[in-house]
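Reading the sequence shown from the start, the letters are residues 46 to 344 in our numbering.
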Amino acid sequence: MSVPSVSQVRLIPELDLCQVEGDEGELTTFRGGDNVFLAHEGMDLSDRPVDGDLYWKGKIVSVHMKAPEKDDSDDSDEEDDPEPCYLIVRWYYSVEDMNKVKITDSSKSSLRAFGRNELALSTHEDVVDLSCLESECFIHQYDDRDGFHQPIHKTWWVVRTALRIQSKKYSITGMNVHCVCNNPYEPDRDRQRFCQKCKVWFDEGCLGIPSTNSISSDISDVQRVAQMPILRGSYEGMDEWSLTGSGYAVRQAYIWLEEMDSELPEDWEATLGKELVEFARSQETWQRFKCPKCKARII
């Protein structure tokens, strides 16, 4: 049976949700707005779990199914076949996907800035049926202007841009620029510092000659984190926090130290991030820079 077009499916009544039965009879509920893994032709699903990189990824726009037609003349006890349920989905594009299409020249610098697990949510919509729907897919929205963003692991899928498709041309939109050089943040290449006064990220290479501050050896690990700079980027082996930066942990450590009458929570190290705590613990000095905009000391 052929799949109808997007415009045809939009004429079919819309549902609030749909449910898919798993291999062991469990029901999973999906709604518009959910990010999902979608199986495609040629995938081998016999040996689960399947690597998530192999699935297509989409955002459900809406769920549609016709109401069953009641035939009063039919007195048989047999149940009619259920009406097919269709999903309108918007596709996520990976760097590999975008390298296969005609990206506009103005978007090529944005494409170079993509991290290794970064996706773009496209305007490309398709109709799929429930047989393609595998499971929910966690894709994390990232505002890379935020100096205190909650950590996003570098191995997780992340989205910070959209992909606009018009007249067979593909344009990346929503990529922010930073620093005095007005370039996008490239998490696999750049190292950046955040000015809390300007609320701007700067490339370390654009900040000039730093000063060096020694770190006292008799302070606690929480104090070490509270005193560290807000930084992000290509720090080897720091996948837990280096994409979004140290700001979330630095602020949390500072809040705890301000509340001196309260004890640290038992899970303080996990809250700050074990990789980040170890990174702060291993440093003997911090380099400090002067903000090129407000001239404040970037700490």
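Heads up, the beta-carbon is just placed ideally off N, CA and C, and yes, glycines get one too.
With distances taken between CA atoms, R236 lies nearest to L252 out of P127, L252 and C243. Between D266 and S216, the alpha-carbon positions lie close to 45 Å from each other. The stretch 263-278 and the stretch 237-245 touch, with no fewer than 3 CB-CB distances between them shorter than 8 Å.
In the displayed model, I105 falls within a strand according to three-state DSSP. Inclusion of G318 and H194 in the CB contact set at 8 Å is not warranted, their separation being larger than that value. Between S47 and V172, the alpha-carbon positions lie close to 11 Å from each other. Every beta strand (DSSP E) of 3 residues or more that sits fully in the stretch 127-163 is shown, in chain order, as 130-139. Every alpha helix (DSSP H) stretch that sits fully inside the stretch 231-289 and reaches 4 residues is listed by chain position as 266-272. Judged by DSSP in its simplified three-state form, Y293 adopts helix. About 5 Å separates the beta carbon of C182 from that of K102, a gap short enough to meet the 8 Å contact definition. Taking the Cβ atoms as the reference, V225 lies roughly 39 Å from E170, outside the contact range of under 8 Å. Fewer than three Cβ pairs drawn from the stretch 185-201 and the stretch 254-270 lie within less than 8 Å of each other, which leaves the two stretches out of contact.
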